[in-house]
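Engineer: FYI, in full-length UniProt numbering the residues of the sequence shown are 1 to 762. Sharing a structure, written as structure tokens. Questions coming.
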Amino acid sequence: MGSPGLGTGNSGQRLGITEPISLGGPTEYDVIKTRELEKYLQNVGLYESQEEAVSREEVLGRLDQIVKNWVKAISRAKGLNEQLVQEANAKIFTFGSYRLGVHGPGADIDTLCVGPRHATREEDFFGELHKMLSEMPEVSELHPVPDAHVPIMKFKFKGVSIDLLYAKLSLWVIPEDLDISQDSILQNTDDQTVRSLNGCRVTDQILRLVPNIQNFRTTLRCMRFWAKRRGVYSNVAGFLGGINWALLVARICQLYPNALPNMLVSRFFRVYTQWRWPNPVMLCAIKEGSLGLQVWDPRKNPKDRYHLMPIITPAYPSMNSSYNVSSSTLRIMTDEFQRGSEICEAMEANKADWDALFEAYAFFEAYKNYLQIDISAENDDDLRNWKGWVESRLRQLTLKIERHTYNMLQCHPHPGDFQDNSRPFHCSYFMGLQRKLGVPVNEGEQFDIRLTVEEFKHSVNTYTLWKPGMEIRVSHVKRRSIPSFVFPGGVRPSRPSKPTWDSRRASDAKVSGHAGSDKPGEVKGAADGQVDGKKRKRADDSADTQLKNSKYITAVPSSSAEVQAGSPGGAVSPCSLKGDNVDATGLVEPTRGKDESNMTNGSKTSSTDELSSLNSEVDGSVRCIPPHTGLHVTADASSSKEAEKLAIEQIMSGPYVSHQAFPEEPEELEDDLEFRNRVVSVGNTNNGPLQAPVSDAAGAAPIISSNGAGPSISLHASGSIEELEPAELTAMTSIPVAPVVQKKPLIRLNFTSLGKASEKSG
Numbered sequence: 001m002g003s004p005g006l007g008t009g010n011s012g013q014r015l016g017i018t019e020p021i022s023l024g025g026p027t028e029y030d031v032i033k034t035r036e037l038e039k040y041l042q043n044v045g046l047y048e049s050q051e052e053a054v055s056r057e058e059v060l061g062r063l064d065q066i067v068k069n070w071v072k073a074i075s076r077a078k079g080l081n082e083q084l085v086q087e088a089n090a091k092i093f094t095f096g097s098y099r100l101g102v103h104g105p106g107a108d109i110d111t112l113c114v115g116p117r118h119a120t121r122e123e124d125f126f127g128e129l130h131k132m133l134s135e136m137p138e139v140s141e142l143h144p145v146p147d148a149h150v151p152i153m154k155f156k157f158k159g160v161s162i163d164l165l166y167a168k169l170s171l172w173v174i175p176e177d178l179d180i181s182q183d184s185i186l187q188n189t190d191d192q193t194v195r196s197l198n199g200c201r202v203t204d205q206i207l208r209l210v211p212n213i214q215n216f217r218t219t220l221r222c223m224r225f226w227a228k229r230r231g232v233y234s235n236v237a238g239f240l241g242g243i244n245w246a247l248l249v250a251r252i253c254q255l256y257p258n259a260l261p262n263m264l265v266s267r268f269f270r271v272y273t274q275w276r277w278p279n280p281v282m283l284c285a286i287k288e289g290s291l292g293l294q295v296w297d298p299r300k301n302p303k304d305r306y307h308l309m310p311i312i313t314p315a316y317p318s319m320n321s322s323y324n325v326s327s328s329t330l331r332i333m334t335d336e337f338q339r340g341s342e343i344c345e346a347m348e349a350n351k352a353d354w355d356a357l358f359e360a361y362a363f364f365e366a367y368k369n370y371l372q373i374d375i376s377a378e379n380d381d382d383l384r385n386w387k388g389w390v391e392s393r394l395r396q397l398t399l400k401i402e403r404h405t406y407n408m409l410q411c412h413p414h415p416g417d418f419q420d421n422s423r424p425f426h427c428s429y430f431m432g433l434q435r436k437l438g439v440p441v442n443e444g445e446q447f448d449i450r451l452t453v454e455e456f457k458h459s460v461n462t463y464t465l466w467k468p469g470m471e472i473r474v475s476h477v478k479r480r481s482i483p484s485f486v487f488p489g490g491v492r493p494s495r496p497s498k499p500t501w502d503s504r505r506a507s508d509a510k511v512s513g514h515a516g517s518d519k520p521g522e523v524k525g526a527a528d529g530q531v532d533g534k535k536r537k538r539a540d541d542s543a544d545t546q547l548k549n550s551k552y553i554t555a556v557p558s559s560s561a562e563v564q565a566g567s568p569g570g571a572v573s574p575c576s577l578k579g580d581n582v583d584a585t586g587l588v589e590p591t592r593g594k595d596e597s598n599m600t601n602g603s604k605t606s607s608t609d610e611l612s613s614l615n616s617e618v619d620g621s622v623r624c625i626p627p628h629t630g631l632h633v634t635a636d637a638s639s640s641k642e643a644e645k646l647a648i649e650q651i652m653s654g655p656y657v658s659h660q661a662f663p664e665e666p667e668e669l670e671d672d673l674e675f676r677n678r679v680v681s682v683g684n685t686n687n688g689p690l691q692a693p694v695s696d697a698a699g700a701a702p703i704i705s706s707n708g709a710g711p712s713i714s715l716h717a718s719g720s721i722e723e724l725e726p727a728e729l730t731a732m733t734s735i736p737v738a739p740v741v742q743k744k745p746l747i748r749l750n751f752t753s754l755g756k757a758s759e760k761s762g
């Protein structure tokens with residue numbers, strides 16, 4: 001692959017909103033380590049073959065010809081004269097990993113069809129074009145999603161997976177040399193077109209804003225692979241997706257423009273370990289634009305103040321690409337950044353290698369307790385639709401559990417799903433559970449999440465495309481009872497004979513007294529690690545009262561009516577729910593993670609007096625820092641870590657807010673892009689008690705916030721739950737609410753299955 005980046009260094013032109021941290025070039029060590037990294041990435045199969053690359057190009061060329069034929073056909077059908085028919089044109093653009101040049105074998109190709117003003121989305125794109133594709137023998141698994149937040153058509157063309165969006169411009173004729181990076185392209189377009197164009201515009205801007213595309217691509221391949229190995233690659237689960245990782249890597253490339261990938265990887269972890277979220281990561285200044293489209297700005301937009309990990313897109317209209325991140329997923333990712341930084345430092349001292357960095361996270365060894373969410377349907381098409389909807393709601397389950405337990409019970413969602421081959425049209429999701437670390441455990445404290453699970457059930461049941469057979473259930477499983485189908489080959493792996501980096505890290509943290517601590521900056525060990533090949537005794541192994549292993553726990557109605565998970569909008573009868581209880585002491589997990597207060601770094605201030613003096617108030621509530629001029633500190637390659645740390649601190653200064661002073665993030669701020677809840681919403685804005693139709697087994701009122709701290713949910717006579725959409729929450733979130741001191745609740749950990757599926761589980 002040659003010598004990446006050599007001879008293509010940055011000439012001194014600044015890319016980004018600040019000066020670089022270092023202009024230092026590569027050393028011989030950097031060249032050697034980068035070649036090692038490239039070879040490693042090749043050996044693990046991250047690069048497609050030349051044959052597959054040619055096949056993709058052929059498919060894209062064929063698809064471009066298809067949409068050109070399509071637009072001429074519909075132009076003729078609409079009665080346009082022959083000259084306009086001949087001039088009619090449509091064009092295919094690519095974006096995402098394929099456009100960035102970091103896709104791997106078998107990856108989807110994200111594509112955008114740009115058409116003229118007379119080619120409509122509903123009738124022509126999802127009508128005529130869909131019909132044309134369905135009649136082609138090369139096309140399989142054609143799946144249109146016209147009602148998605150970003151309408152999309154998914155299919156395979158000669159075995160190549162295609163995700164196709166549509167943008168209808170205000171032009172009568174689409175020129176072949178159309179430049180969609182111009183903001184004027186957005187004039188007189190609808191919201192769906194703006195969102196559809198955004199992917200291409202952002203991807204192109206990223207490539208324009210990095211100093212060395214080859215080094216950027218290698219580094220991004222590395223970070224994407226690392227994120228997948230460590231279980232933090234998933235936008236829908238509350239972690240980061242492809243575009244988020246691309247933006248984070250691009251910013252590091254700007255800060256170290258002449259560095260090779262091995263150095264960029266190391267500095268990625270160093271910078272983002274030190275980063276004081278929610279300071280935003282931006283590749284360029286945010287433009288207000290002349291079209292009146294809303295851009296990300298916490299000084300003006302109240303809902304933007306709740307974003308925990310803002311990663312801002314560089315194309316107009318700029319927006320936060322990582323709004324799905326929660327306090328738990330931010331805690332997990334920040335600890336992973338810390339781990340990566342430690343390994344990179346060890347590599348520089350020849351005490352670690354790339355294998356240690358890319359060591360897979362042992363999710364099913366990390367926790368003692370898990371939630372298992374099983375879904376099923378009647379056929380593949382139904383399961384695909386049902387699965388997409390449920391995935392878009394899983395993040396809400398995480399948020400609800402954490403809120404209803406006052407953040408004492410923390411959730412770690414697994415970013416993937418698992419198939420049980422013995423059960424057709426079925427898949428499962430898992431969440432790790434642990435008690436918040438570093439908080440004293442009072443005897444008798446238990447977690448009660450029964451009502452929370454019921455709320456999640458109702459949220460899922462609002463699916464407008466529900467069909468008979470679409471079922472969902474939730475159960476609690478302990479680590480030793482995790483089903484075998486989650487493991488490769490269906491075989492539970494044996495414990496490694498040699499200690500891994502994670503197990504040594506956990507052991508060191510425990511020995512030094514850091515395990516279970518919540519002090520900022522302290523490293524938490526991985527759960528259930530090993531020392532010298534032996535299993536460590538876990539803190540929760542000796543708990544007096546353990547969480548009993550349970551089957552799928554059914555809802556037992558107190559009247560003749562049953563709660564049916566499979567019937568959307570069905571009536572809900574008052575019922576008592578049977579479930580297991582557990583002392584809170586049984587959930588202490590010495591796993592990775594830091595306290596949420598450390599994640600938002602609300603108590604941390606800038607390390608320089610200059611930055612502190614720039615603080616000012618906007619609207620009496622938002623701290624903001626004016627754009628800095630000449631405050632940068634450039635640390636050359638030989639600078640100390642302290643100088644580099646100071647430089648990192650100073651690049652976080654800017655016109656946007658460190659908005660830690662606001663209340664916790666509302667649960668329903670955003671929905672998944674592709675699956676919006678379309679229910680009309682009515683909010684509980686009076687801070688009064690939330691009346692629920694469900695009581696616990698003893699007849700006591702369910703444990704839920706009744707002072708406005710709970711979620712914005714309305715329960716109607718029919719039993720349906722309605723949740724506020726982002727636009728409707730704006731008025732609520734614009735008024736900061738003082739935190740209410742809560743008395744310690746009775747906390748019990750109870751699980752109930754969702755609906756009748758459990759009756760069929762056998």
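The beta-carbon is built from N, C-alpha and C at its ideal position, and this holds for glycine as well.
Helix, strand or coil for S326 per DSSP?
Structural biologist: As a working note, residue 326 is residue 326 in the sequence shown. The answer is coil: DSSP assigns S326 none of H, G, I, E or B.
Engineer: Mind reading off the beta-carbon distance from V44 to F225? Whole number of angstroms is fine, and I expect it under 8 Å.
Structural biologist: On the sequence shown, residue 44 is found 44 positions in, with the first residue counted as 1. On the sequence shown, residue 225 is found 225 positions in, with the first residue counted as 1. Right, their Cβ atoms sit about 7 Å apart.
Engineer: Using CA atoms only, rank isn't needed, just tell me which of K457, A356, D190 is closest to V390.
Structural biologist: Stepping through the sequence shown from its first residue, residue 390 is reached at position 390. If we check each option's Cα against that of V390, K457 comes out closest.
Engineer: Please go through the same chain and pick out, in chain order, the residues whose beta-carbon is closer than 6 Å to the beta-carbon of A346, but skip the five residues on each side of it.
Structural biologist: Taking the first residue of the sequence shown as position 1, residue 346 is located at position 346. Hits under 6 Å: A352.
Engineer: By how many angstroms is the C-alpha of S318 removed from the C-alpha of G16?
Structural biologist: The residue labelled residue 16 in the question sits at position 16 within the sequence shown. The residue labelled residue 318 in the question sits at position 318 within the sequence shown. Using only the alpha carbons, I get a separation of about 15 Å.
Engineer: Given that a residue counts as buried once 16 or more other Cβ atoms are within 10 Å of its Cβ, and exposed if not, what is V657?
Structural biologist: One-based indexing of the sequence shown puts residue 657 at position 657. Residue placement at V657 is poorly supported in this model, since its pLDDT is 48, which falls under 50; the coordinates are not used for a value here.
Engineer: Out of S170, C222, L23, H118, point me to the one whose CA is closest to L46's CA.
Structural biologist: Counting from one through the sequence shown, the residue named residue 46 turns up at place 46. Per the Cα distances, C222.
Engineer: Going by beta-carbon coordinates alone, are F157 and V139 separated by less than 7 Å?
Structural biologist: To locate residue 157, count along the sequence shown from 1; it is residue 157. To locate residue 139, count along the sequence shown from 1; it is residue 139. Yes.
Engineer: Residues bridged to C113 by DSSP?
Structural biologist: Walking along the sequence shown from the start, residue 113 turns up at place 113. Beta-bridge pairing links C113 to I92, Y166.
Engineer: Let me know the alpha helix (DSSP H) ranges lying completely inside the region 291 to 315, each 4 residues or longer, listed in chain order.
Structural biologist: Complete alpha helix (DSSP H) runs here, min 4: none at all.
Engineer: Tell me, please, which residues DSSP counts as bridged to Y429.
Structural biologist: Taking the first residue of the sequence shown as 1, we reach residue 429 at position 429. In DSSP, Y429 forms a bridge with I373.
Engineer: What does the Cβ neighbour count give for residue 768, buried or exposed, with the cut at 16 atoms within 10 Å?
Structural biologist: No answer is possible for residue 768: it lies beyond the span of the chain, which begins at 1 and ends at 762.
Engineer: Compare the Cα-Cα distances from E128 to each of S341, Y463, A237, W70 and report the closest residue.
Structural biologist: For the purposes of this step, residue 128 is taken as residue 128 along the sequence shown, with counting starting at 1. The shortest C-alpha separation from E128 is found at W70.
Engineer: What's the C-alpha gap between Y166 and A90?
Structural biologist: Along the sequence shown, read from residue 1 onward, the residue named residue 166 stands at position 166. Along the sequence shown, read from residue 1 onward, the residue named residue 90 stands at position 90. When rounded, the distance between both Cα atoms is 10 Å.
Engineer: Measuring alpha carbon to alpha carbon, tell me which of N407, E454, V460 ends up nearest L437.
Structural biologist: In the sequence shown, the residue the question calls residue 437 occupies position 437. Per the Cα distances, N407.
Engineer: Could you tell me the alpha carbon to alpha carbon distance between V265 and L357, rounded to whole angstroms?
Structural biologist: For this step, residue 265 is matched to residue 265 along the sequence shown. For this step, residue 357 is matched to residue 357 along the sequence shown. Rounded to the nearest angstrom, the two C-alpha atoms are 10 Å apart.
Engineer: Helix, strand or coil: which one does DSSP assign to I21?
Structural biologist: On the sequence shown, residue 21 is found 21 positions in, with the first residue counted as 1. Residue state, collapsed to three classes: coil.
Engineer: For Y306, which option in N421, S170, P278 has the closest C-alpha, if you only look at C-alpha atoms?
Structural biologist: In the sequence shown, the residue the question calls residue 306 occupies position 306. Checking every option, the nearest Cα to that of Y306 belongs to P278.
Engineer: Report buried or exposed for Q446, applying the criterion of at least 16 other Cβ atoms within 10 angstroms of its Cβ.
Structural biologist: The residue given as residue 446 occupies position 446 in the sequence shown. Label assigned to Q446: buried.
Engineer: Identify the residues that DSSP records as bridge partners of V281: which are they?
Structural biologist: Translated into positions along the sequence shown, residue 281 becomes position 281. Its beta-bridge partners are I311.
Engineer: So for R14, helix, strand or coil by DSSP?
Structural biologist: As a working mapping, residue 14 is identified with position 14 in the sequence shown. Here R14 sits in coil by DSSP.
Engineer: Just curious, the beta strand (DSSP E) that E57 is in, first and last residue?
Structural biologist: Residue mapping note: residue 57 aligns to position 57 of the sequence shown, counting from 1. Unbroken run through E57 is the alpha helix (DSSP H), 50 to 77; no beta strand (DSSP E).
Engineer: Which of helix, strand or coil does DSSP assign to M408?
Structural biologist: Here residue 408 refers to the residue found at position 408 of the sequence shown. M408: coil per DSSP, three-state reduction.
Engineer: DSSP puts H143 in a beta bridge; with which residues?
Structural biologist: Taking the sequence shown and counting its residues from 1, one reaches residue 143 at position 143. Answer by DSSP bridge pairing, in chain order: K154.
Engineer: Just checking my contact of L142 with P314 at CB under 8 Å: how many whole Å lie between their CB atoms?
Structural biologist: To locate residue 142, count along the sequence shown from 1; it is residue 142. To locate residue 314, count along the sequence shown from 1; it is residue 314. Not confirmed; about 33 Å, so no contact.
Engineer: Considering only the beta carbon of each residue, do N188 and S170 sit closer than 7 Å?
Structural biologist: Reading the sequence shown from its first residue, position 188 is the one you call residue 188. Reading the sequence shown from its first residue, position 170 is the one you call residue 170. A contact, by the Cβ cut-off of 7 Å.
Engineer: Short check: CB of T462 to CB of P261, under 7 Å?
Structural biologist: Taking the sequence shown and counting its residues from 1, the one referred to as residue 462 is at position 462. Taking the sequence shown and counting its residues from 1, the one referred to as residue 261 is at position 261. Contact flag unset, no.
Engineer: Just to confirm my understanding: we take I213, look at its own chain, exclude 5 residues before and 5 after, and list those with CB closer than 8 Å. What are they?
Structural biologist: As a working mapping, residue 213 is identified with position 213 in the sequence shown. Closer than 8 Å at Cβ, skipping near neighbours: G101, L207.
Engineer: For K368, which of helix, strand or coil comes out of DSSP?
Structural biologist: Residue mapping note: residue 368 aligns to position 368 of the sequence shown, counting from 1. Correct three-state label for K368: coil.
Engineer: Should F364 and I482 be called a contact, given that it needs their Cβ atoms to be closer than 7 Å?
Structural biologist: Here residue 364 is taken as the residue at index 364 of the sequence shown, counted from 1. Here residue 482 is taken as the residue at index 482 of the sequence shown, counted from 1. Yes, Cβ-Cβ distance for F364 and I482 is below 7 Å.
Engineer: Helix or strand or just coil, what does DSSP make of Y47?
Structural biologist: Counting from 1 along the sequence shown, the entry for residue 47 is found at position 47. Coil.
Engineer: Can you tell me which of the three DSSP states S234 falls into?
Structural biologist: Residue 234 sits at position 234 when you count from the first residue of the sequence shown. It is coil, neither helix nor strand.
Engineer: Go through its chain and collect everything with a Cβ distance to E348's Cβ below 8 Å, but skip five positions before and after it.
Structural biologist: Here residue 348 refers to the residue found at position 348 when the sequence shown is read from its first residue. Once the five neighbours on either side are set aside, the close Cβ partners of E348 are S266.
Engineer: Taking the alpha-carbon positions, what's the L112 to K641 distance?
Structural biologist: Locating residue 112 in the sequence shown gives position 112, counting from the first residue. Locating residue 641 in the sequence shown gives position 641, counting from the first residue. Approximately 44 Å between the Cα atoms of the pair.
Engineer: Please state whether DSSP places R217 in a helix, a strand or coil.
Structural biologist: Counted from its first residue, the sequence shown places residue 217 at position 217. Reduced to three states, the DSSP call for R217 is helix.
Engineer: Give me the Cβ distance between residue 767 and D64, rounded to the nearest whole Å; I'm assuming they're in contact under 8 Å.
Structural biologist: Past the edges of the chain, shown from 1 to 762, lies residue 767, and the structure says nothing about it.
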